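Encoded as structure tokens, the structure appears first; notes follow it.
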Amino acid sequence: MSSEFATHPTKPYPPERSDSSSSSSLDNQEMHAPIPMRPRLGTRKSSGTLIVPRDSCEVGPVEYEYEADDVRAMSPRRTSEDLENLGREAREELHRHARALQDSLVTLFNRIEAVKEEHDKLDNNNKFLQKYIGDLMSTSKITSSSSRGRK
């Protein structure tokens, strides 16, 4: 099926024209504008399949062996014990930090309570002084009005 399309070169369909000079203009078009042909590809080897069976030894990480002077061989490798120690140290540091934050929170709370108590005490003293001044003012009005009336 595909071979019959490849064997016959295809020409573009001529545009339909109604005038009588159409056949001579078509001949000129073919002469001046040939149909471009794609160059043939050279032969290539097949790249093969990219699918690899699961049991194949080609599947999985590849272990490399580095020479002693290679930088990658000199990088520090951490063991599971080192990782456990790092994790434990990080948890202890986090615990100390949380304890310090809790202590500072308790200190702030105590300070707030002390300020509240002081505020209440000063507020009570202020009310007492306002009442005392009000009483003095009212007694001074009474005494001043009674002394004017006697004159």
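Sequential numbering of the sequence shown, starting at 45, is according to the numbering used here. Where is the CB? At the ideal position from N, CA and C, for every residue including glycine. From a predicted model like this one, the values you see are computed outputs, not experimental measurements.
Just so you know, the alpha carbons of R143 and T151 end up roughly 12 Å apart. Cβ neighbours of L145 within its own chain (closer than 6 Å, five residues either side excluded): none. A direct Cα-Cα distance of roughly 10 Å separates N169 from H163.
Looking at the backbone, the Cα of A134 and that of D99 are separated by about 41 Å.
The criterion of a C-beta distance shorter than 9 Å is satisfied by R122 and L130.
When the Cα atoms are used, D147 and L173 turn out to be separated by approximately 39 Å. Annotated three-state conformation of V159 is helix, per DSSP. Linking F153 to E125 through their CA atoms gives a straight-line distance of about 42 Å. Here DSSP, grouped into helix, strand and coil, assigns A144 to helix. Annotated three-state conformation of G86 is coil, per DSSP.
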